[in-house]
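Here's what the structure looks like:
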């Protein structure tokens, strides 16, 4: 048994930590202040472009992909701890070209894209020149049940025609967002998991319209954002379909494993940050003759946070290690476990950090806790709600007892 | 034993419900939309003034005060259920001239104000012509421990001089807000609970400055808002002190009982609304072949919400009844109990309602759940954080075992 | 609104409290010690018979029945608080002839029994001369779903013939237990709720056999106990059927309301006792320089216990008041609510009391906490498990939204 | 990163699993039945002696000690998973000579014992010929605070004289138990952690008296048991002191790390067993048209159990790995973390297993769930209550923020 990262992983982690400490964290507050001061916040501030260039130059770029060609050849279990580190900041993931949903979309293209699709979309994504979105969830149906999906991607001769309405299309507000992966029903008569297709849609295609951006607890998370997008008779050549018609579910399945590990590890980084804020505030203020951190049930809260984080991290690392050694099929239950456990854990810790901060805790202008809370809250719904993942864990558990 | 309201209470409740249903609820969405469309939202829209006038004309006005002269002669236990009803709406309390912190401030003036203070401030407050604020919490110290308070209200000849910085001064953004009650240290050498004074401060007094308004989960709650207010050598005649120097704690104590009952009952109304939204959404959408409301652990969530609400309501009614029959000293533990129980309960139910709504649940533009969440979250800190109230409940419990 | 008991209720409660304090509590420990010292503990010790006689002589007898003929004319809401008082002791309920399942069985006989049944069984039960059992739950099926019931009560000419196996037949070990109410399937083709019958079975009828007594966390709860009972071709005259064939569900329904209020109120008395023990232990021992009751999160535990108890009591009183004023059909949701809430609450508080007691808490010989725990744990399963009651609460809640 | 055991560990684990499956599990029920049938249960049944001999012959003996001389040279992280396996059975640990408190006592002797002490006590313990007890907790004081300890081990010339009363001396009822390690105050004036000594006390020394055995939820856990032991002027040569006077705390500290890992891993095995029972029962019974395992919130319960167990196991393995690679000082926080997390987790899962079993769940005669519950409940108090461990985790966490 060995809980250490690989040597390469340790090297990269050390460099990412240094970059975070020296380049990102010092500018973060100013960045948010500057962005907040703008009339139009759907922009990429120069500091981000500069930091991206610097990170790229140092090879801290596309760290997520476990391969030397596209990524840095890091194992999932190595990258996990790096993703955690970047999760302490809201801007770090983009700077290392490791932010959702681009990482997942790039993985889809690497594994399933045609040469032409790779040339057109993967290359600029890997270069950080464009951004992408993923359009799956729909406003009119309970999308936790993917078979509810109503949007269509029908074949018409040499073309595929998209219709439907999607929301929570994350990142679609970004000025560099040029393409979306759209999932829709192609053949209702095919076997259940062969009915849907994934289609690459340039956002300037006629019929694609961003209806509005969605606020999350009052925040639009500019310049990324979550959009409501309608697709009305959007016509594309059949070559825009990824891996051919009917393979949507297969691709979705493969996309999930590493993506959820990344999400969860970033959330653990966020939880560490919330715990750090909680302790610093708790140490710096006194009430009833003691620092708040030592008052009443607060040490229990701190201990429980530490214990939850440690356990969640280990579970995610185990999951990443299974992905590394056995692939997605060997990690199915673990992938659902971390997705069910960690966003809820983050929400709990942030909520407690807010409480220990007192009034300041709920003010967006004074502490990043409301932003962390919104992040946690969304994560309990995004990529499958907690309920769906718990149900999956239970189903796989019961399956162990069948002959 | 009788769990029915008094006849008078039932009559008023019926009328309030009708007013809510016919006058307030139908215009609420349009009101919020109109307000949101404005550049400056720190205004009173005409519809509010009209509804206030209508409510006043029907005698649905100042319902909170248990006396015929100033209020409608309703018992606390009667008003409790009316406050619950108004808690289902964010605008209803002001329309009935029953919103915090004005109700508490009016009570202070009724019980402790001089004739001149009543004439100057109580009269227009009762008439709904002006609004008021309450300035107690301070940004620099853990204000859960009131002895931490740093602001001063020093006597200088015939004057009282205020210095300090307050925040979470609720309602101070309202254009009609004309006066604040300020609490500060007057005599550090007096016995612990005789050191502080409460002072009426016209907001246009030189030295009073609203530094900024505080966002709560991104929302400023216009036109009420929560302000950071600095007081710099604010000079007022000694007659501005309520009930004389050194009586701040005594007044605060008396202010709390009914105020907390009102807060808690409004929060119960909010919880009912969240439960209603949860069920309606849960009934209207299907996943995995069933309405979401009947899926997996969701019926447990609905049952637990109903059971928590019922119990919380009964505890608050008991508390109100104790206030009616024995006064604040007979209800001390109950007042802390409801304040410790109900905001947390509301937060839990709203959080679950969000989850059952799916993505829509976190979008401020689609459902009022984020607003309800922010309301709950603030209430767990306002008027004493949960921890302080639990500590008080425990202290009073242990006291029962002393000889 | 009035949270006071009726005058009659207050009078009885005062007398019961005095009797508890002067007669029962002083002998309780010696009683348990003596019983424990016996080879055969399935006996009624003389002190119990004496105390029964004394209670009966003082009119503190059959307090549970809200009628002057059979009981003392107390309202359910009055008796609730008396039941709470008796719940502080494991022997008190029998002494006042108010223990389950006899109270429920007597109510069944009062409401549904024939004159002959009343003469034969109700009279001696009311006199406290015999005891009874209730045989419904079955070992072979999930009895939470009553339609699973396999036992039969088939009509054969003038006779009814019972077959089946029951368990958790509470009280059947008592030496005075002479009769059981047996529930079985009579007509599988009748409408769902007309299929079962309730039959009065003298325990000495051929074919009735107590197979074994069930330990609950190691305790047999002598001399009451819970039995596994088999019925093999037990033949009785048709007149042994209560209210005629097919009325089993109807009777069961009516039996539940008051019975559950009694159970829940006794459990609240038990919770008060656990809280009292917790505080006394917590006050009497020091660790790390403070009484344990004031250490770390313990005040929160004490406060939460007090808050849970208060809320649970009020909910039960409201339920009892609904039974008094509207009958069982007006209290259906409340009856399920208290049954879902209170046993779990009791378990939680007892568990925390154990923790605060340290090692002593788990020793049956040192504190009554393990006995209280077993009582709570069983109550979460008896009379319908928590899950069934929560499901009922949810079902009734959803029904409010149907047209 | 590597989550696999060492090759040696895998080999031993495979053999232990086979032994469990082929030798222990098949006889377990009969063993318990036979023991229960005896008048005197404080005996070692022949089957145990036979299985011990067989395990010893196969080298499955003293697996716990990470050294080739005394043990099998297994790493803590290897043995952890073996301890988990043995934790599925109440008799397995003794059969492999790996049961508490003997393992901890042997470790103390190995690390701190004199040659003579090793010869006299360690040798027969390693051979499984005798058993031992550990006497630290005291009935009169809150022993969670070790400085409360009142028992004394005073030096009188060449002798050490013991006085005091201990309880929860686990294993002292075993007929082979020949020696206890007693902890007492030697020098009240020494620095805080140099005041106490550990002394080896042959149980037949004059002045040692087992006052009574303690029931835990009605069970005495024969033939091990927990005793109340008084020491009255017990005189022993100074050579009975382990490592010399004043080193009690130092020894206690060193004893804790591996001991707690063993306890926690066995508890995880117990949790796996409870989960297995829960699922088997849940799969085998139907209610309301579905297997109970799939009903309502039960899949969530199963999923949560699986997720808790996985996380707890990983945390314990990490802790064991830290002990292997950095020693106790590198694992202090982890040792407290697992002790705070796992017993509570086990209790929760067992409680839920009971609920899913219905009535049968609380009957000791029908399922081992009450025994598992008692085991969990005791473990939340033994070896430091949850509260002390959480406090330690918090203290170490806060320490990270000090300069």
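Protein chains in written order, with full-length UniProt numbering: chain A, 1 to 403; chain B, 1 to 403; chain C, 1 to 403; chain D, 1 to 403. We put the CB at the ideal spot given by N, CA and C, even for glycine.
Residue of the options minimising C-alpha distance to residue i
| i | options | result |
| --- | --- | --- |
| residue 159(C) | 234(C), 203(C), 127(C) | 234(C) |
| residue 84(D) | 366(D), 252(D), 179(D), 9(D) | 9(D) |
| residue 161(C) | 375(C), 145(C), 200(C), 284(C) | 200(C) |
| residue 411(D) | 368(D), 210(D), 240(D), 35(D) | Residue 411(D) is absent from the model: chain D starts at 1 and stops at 403. |
| residue 240(D) | 109(D), 329(D), 338(D) | 109(D) |
| residue 302(D) | 352(D), 263(D), 315(D) | 352(D) |
| residue 212(D) | 197(D), 11(D), 230(D) | 230(D) |
| residue 123(B) | 94(B), 69(B), 87(B), 163(B) | 69(B) |
| residue 29(D) | 40(D), 15(D), 57(D), 47(D) | 47(D) |
Boundaries (first-last residue) of the alpha helix (DSSP H) holding residue i
| i | result |
| --- | --- |
| residue 156(D) | No alpha helix (DSSP H) holds residue 156(D); the beta strand (DSSP E) holding it covers 152-156. |
| residue 53(B) | 46-57 |
| residue 134(A) | Segment 131-135 is the beta strand (DSSP E) holding residue 134(A); no alpha helix (DSSP H) there. |
| residue 169(A) | It is not in any alpha helix (DSSP H) - residue 169(A) instead sits in the beta strand (DSSP E) that spans 159-170. |
| residue 284(A) | 248-284 |
Chain B contact residues for residue i, given Cβ-Cβ distances below 8 Å
| i | result |
| --- | --- |
| residue 58(C) | Result: empty, since nearest Cβ-Cβ is about 24 Å, beyond 8 Å. |
Residues that residue i contacts on chain B, provided the C-beta gap is smaller than 9 Å
| i | result |
| --- | --- |
| residue 299(D) | 296, 297 |
| residue 378(A) | 359, 362 |
Residue i: contacting residues in chain D (beta-carbon distance under 9 Å)
| i | result |
| --- | --- |
| residue 286(C) | 141, 142, 145, 148 |
Limits of the unbroken beta strand (DSSP E) element including residue i
| i | result |
| --- | --- |
| residue 213(D) | 208-213 |
| residue 201(A) | 196-202 |
| residue 178(D) | 177-185 |
| residue 235(B) | 226-237 |
Cβ pair residue i, residue j closer than 8 Å
| i | j | result |
| --- | --- | --- |
| residue 92(C) | residue 5(C) | no |
| residue 31(C) | residue 45(C) | yes |
| residue 106(C) | residue 341(B) | no |
| residue 277(B) | residue 309(B) | no |
| residue 280(D) | residue 401(A) | yes |
| residue 24(A) | residue 51(A) | yes |
| residue 358(B) | residue 143(A) | yes |
| residue 149(D) | residue 196(D) | yes |
Partner residues on chain C for residue i, Cβ-Cβ distance less than 7 Å
| i | result |
| --- | --- |
| residue 391(D) | 296 |
| residue 168(D) | 359 |
Under 9 Å from the C-beta of residue i: neighbouring residues of chain A
| i | result |
| --- | --- |
| residue 347(D) | Under the 9 Å cutoff, chain A gives no residues; its nearest Cβ is about 16 Å from residue 347(D). |
| residue 383(B) | The contacting residues do not exist; residue 383(B) stays about 11 Å from chain A at best. |
Contact test: residue i Cβ vs the ligand NAD heavy atom, cutoff 7 Å
| i | result |
| --- | --- |
| residue 287(D) | Only the bare structure without any ligand can be found here, which leaves the ligand NAD out of the picture. |
Contacts of residue i in chain A (Cβ-Cβ under 7 Å)
| i | result |
| --- | --- |
| residue 213(D) | In chain order: nothing, as chain A lies at least about 34 Å away. |
| residue 2(D) | 1, 2 |
Interface partners of residue i on chain D, CB under 7 Å
| i | result |
| --- | --- |
| residue 37(C) | Neighbours of residue 37(C) on chain D: none; closest Cβ ~14 Å, over 7 Å. |
With contact counted as at least three CB pairs below 8 Å, one residue from each stretch, are the segment 305-319 of chain D and the segment 289-300 of chain A in contact?
-> These segments do not touch.
Should the segment 148-168 of chain C be called in touch with the segment 237-248 of chain C, which here means at least 3 C-beta pairs below 8 Å?
-> Judged by Cβ distances under 8 Å, the segment 148-168 of chain C makes contact with the segment 237-248 of chain C, as three or more pairs qualify.
Inter-stretch contact at 8 Å, needing at least 3 Cβ pairs: the segment 209-224 of chain A / the segment 172-179 of chain A | Yes, they touch.
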